[in-house]
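Input: a single structure, listed below in structure tokens.
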Amino acid sequence: MVWFRPKYIFIGLFLAVAIWFSMEQTQFEFEKFKNIPNMFHFIREQFFPPNWGILGRLIEASIVTLSMAFLGTIIALIIAIPLSFMAARNTSRHPILCWFNRSMLSGLRSIPEIVFGLIFVVSLGLGPFPAVLAIMLHNIGVLGKLISELIESAEQGPQEAMKSVGATRWIAVLFSILPQIWPNVLSHFFYRFEVAIRTSLILGFIGAGGIGQQLFNHFQTFQYKSVAMDIIVIIVLVIVVDFIGGKIRERVI
Amino acid sequence: MLQVKNLNVIYPKATENALSDVNIHFQKGEFVCILGKSGAGKSTFIRCLNGLQRPTEGSVILNDKNIFQLKEEELRQVRVEMGMIFQHFNLIPRLSVMQNVLTGMFGKRPPIKNLFGIFSKEEKHLALKMIEGVDLAQHKHKRVEALSGGQKQRVAIARALLQNPKVFLGDEPVASLDPGTANRIFQLLQSIHNDYGLLTIINVHDVILAKKYATRIIALREGKVIFDDDPEKFTDEVYNEVYL
């Protein structure tokens, strides 16, 4: 039997211990599941009917959320594209420059938006502006890494052709690689945009405004029928953005 | 016109030379076919001619200048004088036939104009003339992915011609085409060769095509030139020596 090797028994034991340990750490107990009916009860009693009266205000707030997420990701994309060409092994001028860019991008990527957000809210004040910066910085790191990987896996052939027509280095690189990777760049962009919408909700909790702040405020003040309305608007928002992103990508390919 | 002196290429981590001591003198007006097994060094050789591959040792001399001693800017101008086509066509995906052909001009224009795709009426007219020359006028606005293999290679030929080259290089340009299409591509290359008075150097697997179109055949084996003469002298014995 191919799976019946001492090595696999050891791995199995190790996983079992790791699971048990994690359950201890998180107080994960099966008997707690018996409280689940309480959750349904809570939702049924408190959330319905949703508070439709605040829909107008929520739409305004969701436009702020959208703008935050959009601005943060689009600026990140504009900055990340040139950076990722400098960070990709096949297009970087020098190994040291490549290494420096890579480290910088992974540094940005390793700091979550919420950390940037907390720092900026304290230093730059409340409101959507610090949230835009937080989303932007983190996404420069993420998009820079993703796009530089696309660049590294782009076909070599067109780059050779552009060299052999005598094009300058950057024109050759740009013309031979960008058209190849563009659909994937856009799909990464839309995915990150979607993630940024969810992030800006969280950033709303620390005072960045938008629909996240509405949700947080309603929750903190026990206005669960308004919370229900917030959730409906958020779900619709994410679905609409996903749908529009899909349509745009279809047209580009 | 184009001279290869003492060319040696050793790839990193390889023990054998990809090319060893290659010395060839090319004259204007020659239609040269390079034959040899896969791995004999044909590609390496042709890629050295326009500096896509740097040799370990030796020189490629075009118009009395060793291209490997040129600065990047001068090397670009040398490349403009050498049109090149490839086995996999190497067109830019998602761009149209017209846009692909226009990139043939990139070496002669300021980068900023290239970046924004600014082309004058005359430049577009010239590109169109090249597209008509390879018989693709009705496809000029199509994306290149929509074309057949033979059509793609003709786009690549039009792109190379727009450089107004003196030398025309082909790295296995018909290896992924069917025999009929391959023959038509060679016919096209021959008529271009004659019309423009070029030096044409092409790697090819097909001995029949080489004997039909070439004015000179060079055969490589294990990185060495083992035959360099008129096509009539490429006998069955030479064939065996090259391929078996």
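Same order as they appear, the protein sequences are chains W and L. Under the UniProt record's numbering, the letters of the first sequence match residues 1 to 253, in that order. Under the UniProt record's numbering, the letters of the second sequence match residues 1 to 244, in that order. Don't be surprised by glycine CBs; every beta carbon is placed ideally from N, CA and C.
Integer-rounded CB distance, given that residue j should sit under 8 Å from residue i
i, j, result
"L/ILE192", "L/LEU147", "At roughly 19 Å, the Cβ-Cβ gap does not stay under 8 Å, so L/ILE192 and L/LEU147 are not in contact."
"W/LEU97", "W/GLY144", "At roughly 14 Å, the Cβ-Cβ gap does not stay under 8 Å, so W/LEU97 and W/GLY144 are not in contact."
"L/ASN6", "L/GLY58", "4 Å"
"L/ARG154", "L/LEU188", "7 Å"
"W/ILE147", "W/ILE234", "Contact flag wrong, Cβ pair sits at about 29 Å."
"L/ILE24", "L/ASP228", "7 Å"
"L/LEU198", "L/PHE234", "Going by Cβ atoms, the distance from L/LEU198 to L/PHE234 rounds to 22 Å, so no, they are not a contact pair."
"L/PHE45", "L/GLN190", "21 Å between Cβ atoms; not a contact."
"residue 262 of chain W", "W/LEU186", "For residue 262 of chain W there is no data in the structure shown, the boundaries of chain W being 1 and 253."
"L/ARG79", "W/VAL165", "7 Å"
"L/ILE92", "W/PRO158", "5 Å"
"L/ILE201", "L/ILE61", "About 15 Å separates the two Cβ atoms, so there is no contact after all."
Interface residues of chain W facing residue i [CB-CB closer than 7 Å]
i, result
"L/ILE92", "PRO158, PHE175, SER176 and PRO179"
"L/MET84", "SER164"
"L/ARG154", "Under the 7 Å cutoff, chain W gives no residues; its nearest Cβ is about 15 Å from L/ARG154."
"L/THR44", "Residues of chain W passing the Cβ test: none, with the nearest at roughly 13 Å."
Alpha-carbon to alpha-carbon, residue j and residue i
i, j, result
"W/GLU155", "W/THR91", "13 Å"
"L/LEU19", "L/ASN8", "5 Å"
"W/ASP230", "W/LEU178", "40 Å"
"L/GLU122", "L/GLN163", "14 Å"
"L/ILE218", "W/ARG192", "55 Å"
"W/ILE43", "W/TYR224", "9 Å"
"W/SER226", "W/ILE9", "52 Å"
"W/PHE33", "W/LEU215", "26 Å"
"L/PHE119", "L/GLN99", "10 Å"
"L/VAL242", "L/MET1", "27 Å"
"W/VAL121", "W/ALA131", "8 Å"
"W/VAL195", "W/LEU126", "22 Å"
"W/PRO128", "W/GLN213", "10 Å"
"residue 284 of chain W", "L/PRO111", "No statement about residue 284 of chain W is possible, as the shown extent of chain W runs from 1 to 253 and does not include it."
"W/ILE197", "W/GLN25", "31 Å"
"W/LEU55", "W/ILE75", "30 Å"
"W/HIS41", "W/PHE222", "16 Å"
"W/ILE211", "W/PRO37", "29 Å"
"W/SER200", "W/ILE111", "15 Å"
"L/ALA14", "W/SER22", "51 Å"
Chain L residues whose Cβ lies nearer than 9 Å to that of residue i
i, result
"W/MET86", "Per Cβ cutoff of 9 Å: no residues; W/MET86 is ~17 Å from chain L at best."
"W/TRP99", "Within chain L, no residue comes near W/TRP99; the closest Cβ sits about 21 Å away, beyond 9 Å."
Chain W contact residues for residue i, given Cβ-Cβ distances below 8 Å
i, result
"L/GLN163", "VAL165 and GLY166"
"L/LEU95", "PRO179"
"L/THR215", "Result: empty, since nearest Cβ-Cβ is about 24 Å, beyond 8 Å."
Contacts of residue i in chain C (Cβ-Cβ under 7 Å)
i, result
"L/GLN190", "Among the protein chains in the structure shown, which are W and L, there is no chain C."
Cross-chain neighbours of residue i in chain W, by beta carbon under 9 Å
i, result
"L/HIS88", "GLU155 and GLY157"
"L/PHE106", "MET162, VAL165, GLY166, ALA167, THR168, ILE171, ALA172 and PHE175"
"L/THR200", "Result: empty, since nearest Cβ-Cβ is about 15 Å, beyond 9 Å."
"L/ARG159", "ALA161 and VAL165"
Amino acids of chain L, ordered along the chain, whose beta-carbon sits closer than 7 Å to that of residue i
i, result
"W/ILE78", "In chain order: nothing, as chain L lies at least about 16 Å away."
Margin query: If contact is defined by three or more beta carbon pairs under 8 Å, each pair taking one atom from either stretch, is the stretch 204-214 of chain W in contact with the stretch 171-183 of chain W?
Written below: no
Note to self: Check whether the stretch 99-119 of chain W and the stretch 162-169 of chain W touch, using three or more Cβ-Cβ pairs below 8 Å as the test.
What the structure shows: no
Check: Do the stretch 66-84 of chain W and the stretch 45-55 of chain W meet, that is, are 3 or more Cβ pairs less than 8 Å apart?
Finding: no
Margin query: Taking contact to mean 3 or more Cβ pairs, one atom from each stretch, closer than 8 Å, check whether the stretch 86-93 of chain L and the stretch 126-138 of chain L are in contact.
Written below: no
Notebook entry, point to check: Of all the residues that make up the stretch 111-143 of chain L, which are near chain W by a beta-carbon distance shorter than 8 Å?
Noted result: PRO111, ASN114 and LEU115
Margin query: Any C-beta of chain W within less than 9 Å: which residues of the stretch 46-79 of chain L qualify?
Written below: ARG47, ASN50, GLY51, LEU52, GLU72, GLU73, LEU75, ARG76, GLN77, VAL78 and ARG79
Next item on the list: Taking 8 Å as the threshold, find out whether the stretch 135-145 of chain L comes into contact with the stretch 171-179 of chain L through three or more Cβ pairs.
Entry: no
Margin query: Please identify, using Cβ separations under 9 Å, the residues of the stretch 219-235 of chain L that lie next to chain W, in order along the chain.
Written below: none
Item checked: the stretch 194-209 of chain L / the stretch 239-248 of chain W touching (three or more Cβ pairs under 8 Å) -> no
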